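Quick note, the sequences are listed as chains X and B, same order.
Number 104 in this note's numbering belongs to position 104 of the first sequence; there are no gaps in the numbering.
Converting from the second sequence to this note's numbering requires adding 1000 to each position, the first position being numbered 1.
Right, one structure below, let's go through it.
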Amino acid sequence: MTPEQIALVTASAERVTPRLAAVSADFYARLFAAHPEVRPMFPADNSGQEVKFAASIEAIVAAIPDFDAFAERTRTLGRLHATHHVAAAHYDAVAGHLLDALAAADPGWDEPTRAAWSVAYDLLAESMMLAARS
Amino acid sequence: MATATVLEWPLVGRTRELERVVASLAEPQVRVVLLAGEPGTGKSRLAGEVLAAAELDGYPIASVTATASAATVPLSALGALLPSTPDDPQQLLEVAVARAREVGDGARIVVHVDDIDLLDAVSCAVLARLWQDDLVVVVATQRTGTRTPDVVAAEQRAGGLLRVDLSELPRTSVATLLHHVLRGPVSAAAEHALWTASGGNPLFLRELVTGAVSTGRLAAVDGVWLLDGPLDVSGGLAGLLTERLGTLEGSARDLVDLLSLCQPLGADELAELVPFEVLERLEAEGVVTVVADRRRQQVSLAHPLYAQVVRDALPRLRARRLLLDQVARCEERGARRREDALRVAVWRLDATGTADVELLLRGARLARAAHDYAQVERLAAAALMLEPQTEASVLLGEAVYEQGRFAEAAEVLATATEQLTDLTSLDAARLAVIHGIVLFFGLGQPDAALDRLGRTADLLDDTQGEQRRVVDSQRALLLTQSGRSRDALELLPDRPPEAADIHAVYDRAQAWALHRRGRPDEARAVALRAWERQTGPDAVEGVLHPAGDLMVAALASLELGEPVRARELAAQGRDVAIVQGVGYQAAWLAWTVATLDLVMGYAEDAASAFRELVATAGRDGFGAIENLAALGLVECSALTGDVESARSWMARAESLPAPPAAFAQHATMARVWLAVAEGDTRAAAALATEHGRDLAQRGEWREAAVLLDEAVMFSDRVAAETLLGFVESLTGPVSQARAARARALLSGSAADLLAAAEAFAAIDFVHSAATLAARAAQVLRADGDPRAAAAAEARARAWADASPGLQVDGLGSVVGAALLTPREREIATLAARGRTSKEVAADLVLSVRTVDNHLANVYAKLGIGGRADLAEALGIAEDAVVPAPRPGRTA
C-alpha cells in the first residue's frame, strides 16, 4: 500500500468507528442475502460474530502501518479461517459486500477511499491465505 | 550484486488457481494439469506449491525438469521417477509401471513436470502410460507459444486435462506483493514505476526489485520505500537478467555458467568446484535453488529463463570447455548410474556435436520405441558420423522415411547398401527390408523394391534361414501390395523370423494376403494378434507402424459384415498414428475411415474426410493417398449427383501418382460411379465387370468380388456368372450375401431375391436388403401374387426404416422408388429437378394430363404430398443432371 492509501483507510475507519456494530450487521446481511450458501458457516445467532468482526476491523486497520504487527494479526486470523475451510472464493465474495457496508456508513466515502480499502482488503486477504498455507 | 539481500517472495494472487489444482488431484478424471503462461508468470512456483500441498495431504510426489539439453537423450529427465531403466525399450513401460505402483502404493503420485514442451517423446510416452493407468497425476508447466506434446493433446481430447492459464498479476496483487516483500508501504511513485515496468509479471517484478534494492535505488526512508529515479527496462526482462547475472565473478560465474549448460547438478558434485559459501550466497540471492530429491540435493538456476539468458551470452568455446570439464569429472567418478551415462552423452553431444556410438545408438533405439523419429534421426545421424554402421543406417533410413522424406531415406539406405561388407548378414537383410519399404511405399517404385529384396535373397544359401525369413517376409508383404497375394502366400516362409521386429512384417504380409484371398476371418485374427503383440504389455516394436495392422483388421471386419467394428478399428489406428506423429500411417488410416464411412452411407462425413486428406496428403507429399482420397471424392460427388465435381475430382486423381497396385480397384470403382452419375449404367457395369474378371483371374478374390458385385447391382449377368465361379468358396457372410445376390440376378426368382435380401439384412446392409426385397415385391406383383408382394414390400420398408442413422437422402423411399415404372421414374426425375408438368410433357412428347396422372401415382408410391417433396424422396439434388444412384454397395 502507499502511504496515501493507508491514510485514506485510517481516516475512513475513524469515521465509521462509532457505527462499526451497524456496519458489521449490515455486512453480514448483505453477504447472506447474496450468498445464502455461506450462512451455515456461521452460528445461528450471529451477533457474537458481528462484535468480533467489528473489533477485528478496527485492530487490523490500526496495524497496517506496522507490517510486523499486521502480519502477526493476519497470521492468527488466517489460520483460524483455514480451520473453517474458508477458500479463496469466499474471500472474493466478501470483498464487495464489506466495501458496500463501509460505504453506506462512511459520510466521507469517495472513489479514492474505495480504491484504498480495496487494496487494504487484498493485502489482508492475501496475508490470511498465505498464513492458512504455512 | 553488491549486497546479498534476502527477500521472501510469497505466492500472491494465485490462491484460486492453487485451490483448483489441489482439489483436482482428488478428481480421478483429471490426469494432467497444465499450467500455461508467459515466462515469469509463476507457473513453476504454483506447481511447487501444489506439490507441497499434495505432500501435506499425503500424496507421494516427484519432480521432473525437462530442459532443451536433456531432451536430446530420451529418458534422461525422468531420473526422479525411474532411477534405473532397462535399455531394452520393450521393458521400459513395464518397469516404469511396476516402479510407480511400488512408490505410489495405491495412491497416484503427483509428478511436477517443468516445461513439458521440452520433454523428450520417450519420457512423454512413459508418463502418459503412467497417468493412463492412474498411477500418476501430472502437474506440468508450459510456456505460452510452445508446442503441446502429443500425449498431452490426446489427453485433452480424452477429457483428462485441466488447463490453468496464468496471466500477469493485476495491479492490486502487485501492490500487495510489494507490500509483503518489502514489509511496509511503498510510495505511490515507486509502486507505479514497478507496476508499469513489470506489467504484472512476477519474475520481472522480482528482478526489478532485487536489482533496485541491491543497488540502493529502492530504499526505505522513514518506513516508506522510495525509488530514486526512473527504472531502466529498455532490455526487457532478458536484459535485466543479463545485467544482474553478468555482474557475477569468479567461481560464482563458473557455477552459473555450468548450471546453464548442465543443470540440474548434485550439490556434492558442485562442492568440488566452488566453495560452499558461494553456493549458499547464490541461493540466498535467489540465483540458484536447491531441491532435495530422494537421493541427493539438486542445484539448478532459480528460473529457466536464467539458464536461457546465461547460455545465450556464453561464448561457444567457453561452453565447450565447461561441458568437457564436466564430462571429465563425471567420468572420473565412474559415471556409475545409467542416468549419468546418458547425461554424459548429452553433454558431449552439446560440446562437440558427437558422443559415444553405443550411447547414441541406445538413445536412438529408445527414441524409436516411442516413435520419436525426429530424435531417432538426430541420434542415428550422430552415430553414423562417427563410423559407418549398418544398424545406425537402418534406424536413420527408417526415421527419415517415417517423417515422410522418402528420397532422402532412399539415399541413406542406398549408401549403406554400398558400404555393406557382409552382404548376407542379418544386418544386410534388415537393411534390405527397410530399403524395400522406402522404395515401394515412399517412392512408389514397386519393381525396384522387389528387385532390391530379390537381389539380397539370391545371395542367401540354405544355412541362412533367418536371413531368408526376414527378406521373404518383406517380399511377401510387397507382393500383397502389388496385387499378387497368391504369390505372397506362396513365398511367405513356413514360420515367422525370430527377429521380433520383422515378425510384424510377416504378420502384415499374411494378414493382407488372407484378406485379399477372401479369408477375412483368418486375416483379422492375424492382424489383431500382430497389433496386440506390438502394443500390449509385452509389446515388441516392429519395423512397420502397428496402426497398419488395424487397417487390415478394419477392412477384414467389413467383409465379416461388421462395419461398425471396422470403423472403430480404423479410427483407433488413425488416432494412435496421429498421437505418435506418424503422418504417413495416419493418412492411410484416415483414408480407411473415410472409405468405411462411404460404404456405410455416411457420404457427407466421408466427403469432408476425403477433402481434408486431399489437402493434408498433398501438403505432406503422400501422392498415392491424395490420389485415393480424390477417387473417394469422385464417388461421394457421384452419390449426390454432382457430376461436375465428380469429373473434376477424377481429373485431379489422374494427375497424381498411382497408389500401390493392390488399390487399383478404387480407380475403377470411381470410374464406375462417375459413369452412373453420367447416366450410363451400362458403361458402369462393363467397367466393373472387366476389371473384376481380371482380378478374379489373378486370384485377388476379395477385390474381384467387390467389383463384380457392383456390376451385379447393375444387372450384369456376366459379372454374376464370374462371381459365382469363386465367391461361394470365400469365407465371411458378405461373400455369401454377394453370392445370393448374383444367384438372384441370374434366376430372377422372387425366392432368390428374398433370400439375398435376408442375407444382406443379416449383416445389416439394409440398403441392399431393402432394394432386393422391393425388387422381389415387383416380381411377385407381376406374377400375380399381391399378398406375397405386399409381404415382401412390408419387409423392404421395415429394413429401410430400420436405419435412421444412415445419413443418405431419400433412404426411406428406396422401397417406393424401386416400385416406380421406368416412365414414372423419368417423369418424377424431371419434375424433381424443377421442370413444370407442361415442360415435362413437352420434353417427353406426352400430354400434360398424362404427366400429372403419372406424378399422382408417384406421390402415392413414395408416400409424399407433392412435387415439393420429390427431390428429397428420390434422393437427388435439385440441380442434378441425373437421378442420384443409391448406395447399395457392400464395399
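Each residue gets a CB set at the ideal place from its N, CA and C atoms; glycine is no exception.
Predicted model, so just to flag it, every value in this text is computed and none were measured.
- Contact of VAL119 of chain X with chain B by beta-carbon distance below 8 Å involves THR1172, ALA1175 and THR1176.
- Taking the Cα positions, ALA1661 of chain B is about 28 Å away from SER1715 of chain B.
- Between MET1 of chain X and THR74 of chain X, the C-beta spacing is not below 7 Å.
- In this model, GLY1483 of chain B and LEU1317 of chain B are separated by some 58 Å (Cα to Cα).
- Taken in chain order, the complete alpha helix (DSSP H) segments of 4 residues or longer contained in the region 1418-1449 of chain B are 1426-1437.
- For ALA1054 of chain B, the enclosing alpha helix (DSSP H) has its first and last residue at 1043-1056.
- Using a 10 angstroms sphere on the CB of VAL1113 of chain B, the tally of other CB atoms reaches 16 or more, which defines it as buried.
- Within chain X, the residues placing a beta-carbon under 7 Å from that of THR1015 of chain B are ALA88 and MET129, ordered along the chain.
- At a cut-off of 7 Å, the C-beta of ALA1026 of chain B has no neighbouring C-beta in chain X.
- Each residue's CA atom was taken as its position, placing ASP1472 of chain B and LEU1491 of chain B some 7 Å apart.
- Nearest CB-CB separation between GLU37 of chain X and chain B: not below the 7 Å threshold.
- Collapsing the DSSP output to three states places GLY1465 of chain B in a helix.
- The region 1092-1105 of chain B makes no contact with the region 1140-1158 of chain B; the number of CB pairs closer than 8 Å stays below 3.
- Residues are counted here when their Cβ sits less than 7 Å from a Cβ of chain X; for the region 1380-1405 of chain B the count is zero.
- The three-state secondary structure of ALA1062 of chain B, taken from DSSP, is strand.
- Chain-order list of chain B residues neighbouring THR83 of chain X: empty, with the shortest C-beta distance near 15 Å, by a criterion of under 7 Å.
- Around the C-beta of MET1385 of chain B, fewer than 16 other C-beta atoms lie within 10 Å, and the residue is accordingly described as exposed.
- Beta-bridge partners of THR1141 of chain B (DSSP): B:LEU1035.
- Note on LYS52 of chain X: under 16 other CB atoms within 10 angstroms of its CB, so exposed under the neighbour-count rule.
- If you draw a straight line from the Cα of GLY1748 of chain B to the Cα of VAL1712 of chain B, it comes to about 12 Å.
- For THR1289 of chain B, the pairing in a beta bridge is given by DSSP as B:SER1300.
- Pairing GLN1736 of chain B with THR1829 of chain B, the inter-Cα distance amounts to about 34 Å.
- Not a single C-beta of chain X is nearer than 7 Å to the C-beta of VAL1310 of chain B.
- The Cβ of HIS1112 of chain B sits no closer than 7 Å to any Cβ of chain X.
- Between the region 1714-1729 of chain B and the region 1750-1763 of chain B there are fewer than three C-beta pairs closer than 8 Å, too few to call the two in contact.
- Between LEU130 of chain X and PRO1028 of chain B, the CB-CB gap reaches or exceeds 7 Å.
- At a cut-off of 7 Å between beta carbons, ILE57 of chain X makes no contact with chain B.
- Relative to the Cα of LEU1708 of chain B, the nearest Cα in the group B:ARG1693, B:ARG1698, B:GLN1697 and B:ALA1651 belongs to B:ARG1693.
- It is roughly 13 Å from the alpha-carbon of GLN1297 of chain B to the alpha-carbon of SER1063 of chain B.
- With at least 16 other beta carbons inside 10 angstroms of its own, HIS97 of chain X counts as buried.
- If you draw a straight line from the Cα of GLU1700 of chain B to the Cα of GLU1562 of chain B, it comes to about 21 Å.
- Sorting B:VAL1137, B:LEU1118, B:SER1485 and B:LEU1078 by C-alpha distance to the C-alpha of GLY1104 of chain B places B:VAL1137 at the top.
- PHE1276 of chain B counts as exposed, since fewer than 16 other beta carbons sit within 10 angstroms of its beta carbon.
- By the Cβ rule, the region 1007-1024 of chain B counts as touching the region 1158-1168 of chain B, because three or more pairs are nearer than 8 Å.
- Nearest C-alpha to GLY1058 of chain B among B:ARG1031, B:ALA1026, B:ALA1756 and B:THR1065: B:ALA1026.
- Taking the CA atoms as reference points, ALA1617 of chain B sits about 50 Å from ALA1790 of chain B.
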